[in-house]
Amino acid sequence: MAEDDAGHAYLIQQNLEDAGISNPVVHVPDGQAALDFIRCEGAFAGRVPNGPLLLLLDINMPRVDGVEVLRRLKEDPRTEQIPVIMLTTTDDPREVRRCYELGCSCYVTKPVEYDRFVEAVRRLGLFLAIVQVPREDR
Numbered sequence: 001m002a003e004d005d006a007g008h009a010y011l012i013q014q015n016l017e018d019a020g021i022s023n024p025v026v027h028v029p030d031g032q033a034a035l036d037f038i039r040c041e042g043a044f045a046g047r048v049p050n051g052p053l054l055l056l057l058d059i060n061m062p063r064v065d066g067v068e069v070l071r072r073l074k075e076d077p078r079t080e081q082i083p084v085i086m087l088t089t090t091d092d093p094r095e096v097r098r099c100y101e102l103g104c105s106c107y108v109t110k111p112v113e114y115d116r117f118v119e120a121v122r123r124l125g126l127f128l129a130i131v132q133v134p135r136e137d138r
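Just so it is clear: in the sequence shown, position 104 is 104 by full-length UniProt numbering, and no numbers are missing.
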């Protein structure tokens, strides 16, 4: 999960667990860290790809924004198959279209109101609990 807001990251992680997601959720605070994690570079150079990988990706982040992360992942044959779910407060229809054009698997708008946010993440967790995700290439 690439999310620069620590509070949102905590709520997302807790609600995914509450929805029955047992896979480990790794939180990175910006787009560059997400790229490094997925590519096993930088601070994650020692990481060994070891299972299914799906990216929950915020758009408005420091260093490298989510749209650029999506673009880089989808243009790289090594990472183009990784499912990317945009999970962001941005609901601009142009941004939604752009992300789908770049290859996102799904676009979910995070509601601003707390109860609606929690419910949206809970539903996302229920969806993710039944989705098949490809394993990472080694």
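Just so it is clear, CB atoms sit at the ideal spot from N, CA and C, and this is done for glycine as well. A quick note: this is a predicted structure, and the numbers were derived from the prediction, not measured.
- [ ] Output the distance between the C-alpha atoms of P24 and V133, rounded to the nearest integer angstrom.
- [x] Answer to the nearest angstrom: the Cα atoms are 14 Å apart.
Task: Per DSSP, the bridge partner or partners of P62 - done: Answer is none; P62 lacks a bridge partner.
TODO: Apply the 10 Å Cβ neighbour rule to Y107 and answer buried if 16 or more other Cβ atoms are within range, or exposed otherwise.
DONE: buried
- [ ] Verify whether the separation of the beta carbon atoms of M61 and G31 is less than 8 Å.
- [x] yes
Open item on the list: Classify E3: buried if its beta carbon has 16 or more other beta carbons within 10 angstroms, exposed otherwise.
Closed with: buried
Task: Cβ neighbours of G20 in the same chain (closer than 8 Å, five flanking residues each side left out) - done: Closer than 8 Å at the Cβ level, and outside the excluded window around G20, lie G125, L126, A129.
Open item on the list: Using only CA atoms, which one of P49, L102, R39 lies nearest to I85?
Closed with: L102
TODO: Using beta-carbon positions only, say whether L70 and C104 come within less than 8 Å of one another.
DONE: yes
Open item on the list: I'd like to confirm the pairing. Which residues does DSSP put opposite M86 in its beta bridges?
Closed with: L57, Y107
Open item on the list: At the level of alpha carbons, what is the spacing between L53 and I12?
Closed with: 17 Å
TODO: Tell me whether the beta-carbon of L35 lies closer than 8 Å to the beta-carbon of L56.
DONE: no
- [ ] For the alpha helix (DSSP H) holding Q14, just list the boundary residues, first then last.
- [x] Counting along the chain, Q14 sits inside the alpha helix (DSSP H) bounded by residues 6-18.
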